[in-house]
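*Asks:* Using this note's numbering, the letters of the sequence shown correspond one by one to residues 3 to 174.
Have a look at this one before I ask anything.
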Amino acid sequence: MSDVIELEVPSDNMTFEIGDKDYTVSFADKSFAIFTDQYNDIKMAEVKLQQELHHRSVELIDKEAQLENDMVNEPMTDLDHKKQILQRRYLRLYDDIQNKYKSEAKQRFYELLDGMFGKGAGKELYHTCNDSMVVFAKVVAQIMINIEQHTDISDYRDKYLKSITELRKKEQ
């Protein structure tokens, strides 16, 4: 009887087939730390976008309430007209905020994917997504979800414990 326990060494990379091409990401500590930080920055930028849009929405509601107070003795049509002008201004502001975010997000995605798969991979994948930020963001999300699941140590530990338990049952 041997006291040697044979252990499986998990893969240090992951390959994705996207479109008609394979992309491989390394889980080496240095590169993993870089793209994890980059992805956290992307998630934080999205949170900031939502906060900014919410802040502007509250601001619009406050300004509309102030208009109603200031124009209490004015004809309703004048109040409605001023509200419409204010709302159009805020719609343009929302659009500007979202367009700026999309532009910055595209650049962040490029940097993330270039760091993961090699220089030029970000633009290449964007074009694979038919130059659509909506599709591109979904592909990036799928990549990161798969990486998070693949690198989650607790899931791996649970799976390993389950396989050990099954082996012991077979031995008995």
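C-beta atoms are modelled at their ideal positions from N, C-alpha and C, and glycine is treated no differently.
1. Rounded to the nearest angstrom, what separates MET73 and ARG91 at their Cα positions?
2. Taking the continuous alpha helix (DSSP H) assigned at THR132, which residues delimit it?
3. If I measure Cβ to Cβ from ALA123 and keep anything under 8 Å in the same chain, skipping five residues before and after, which residues do I get?
4. For the beta strand (DSSP E) containing VAL27, name the first residue and the last one.
5. Quick one: give me the first and last residue of the alpha helix (DSSP H) that ASN101 is part of.
6. Under the DSSP definition of a beta bridge, which residues are partnered with THR17?
7. Using 10 angstroms around the beta-carbon of ILE145, count the other beta-carbons present and answer buried if the total reaches 16, otherwise exposed.
8. Along the chain, where does the alpha helix (DSSP H) that runs through ASP31 open and close?
9. With distances taken from CA atoms, which of ASP5, GLU8, ASN15 and ILE20 is nearest GLU126?
10. Check whether the Cβ atoms of VAL27 and MET118 lie closer than 8 Å to each other.
11. Three or more beta-carbon pairs under 8 Å between the segment 97-117 and the segment 39-47, yes or no?
12. When DSSP labels each residue in this structure, what does GLU126 get in the three-state scheme?
13. Indicate whether GLU14 and ALA35 have their beta-carbon atoms separated by less than 8 Å.
14. Near THR153, which residues of its chain fall below 7 Å by C-beta distance, leaving aside the five closest residues on each side in sequence?
*Replies:* The short version:
1. Along the sequence shown, read from residue 1 onward, the residue named residue 73 stands at position 71. Along the sequence shown, read from residue 1 onward, the residue named residue 91 stands at position 89. One C-alpha to the other measures close to 19 Å.
2. By one-based count along the sequence shown, residue 132 stands at place 130. With the sequence shown as reference, residue 132 is identified as Asn, and Thr is not the correct amino acid for it. Counting along the chain, ASN132 falls outside any alpha helix (DSSP H), and DSSP gives it neither H nor E.
3. Sequence index remark: in the sequence shown, residue 123 carries index 121 (1-based). TYR25, LEU115 and ASP116.
4. Residue mapping note: residue 27 aligns to position 25 of the sequence shown, counting from 1. VAL27 -> beta strand (DSSP E) spans 23-28.
5. Within the sequence shown, numbered from 1, the residue matching residue 101 stands at position 99. From DSSP, the alpha helix (DSSP H) with ASN101 extends over 78-119.
6. Residue 17 sits at position 15 when you count from the first residue of the sequence shown. THR17 is bridged to THR26.
7. Here residue 145 refers to the residue found at position 143 when the sequence shown is read from its first residue. Buried is the call here.
8. Walking along the sequence shown from the start, residue 31 turns up at place 29. It spans 31-72 - the alpha helix (DSSP H) in which ASP31 sits, taken as one unbroken run.
9. Sequence index remark: in the sequence shown, residue 126 carries index 124 (1-based). Of the listed residues, the one whose Cα sits closest to GLU126 is ILE20.
10. Counted from its first residue, the sequence shown places residue 27 at position 25. Counted from its first residue, the sequence shown places residue 118 at position 116. In terms of Cβ geometry, VAL27 and MET118 form a close pair [threshold 8 Å].
11. Yes, the segment 97-117 touches the segment 39-47.
12. Working through the sequence shown from its first residue, we reach residue 126 at position 124. It is helical.
13. Against the sequence shown, residue 14 aligns to sequence position 12. Against the sequence shown, residue 35 aligns to sequence position 33. Reading off the sequence, residue 14 comes out as Asp, not Glu. Not closer than 8 Å, so no.
14. Here residue 153 corresponds to residue number 151 of the sequence shown, with the count starting at 1. Closer than 7 Å at Cβ, skipping near neighbours: PHE29.
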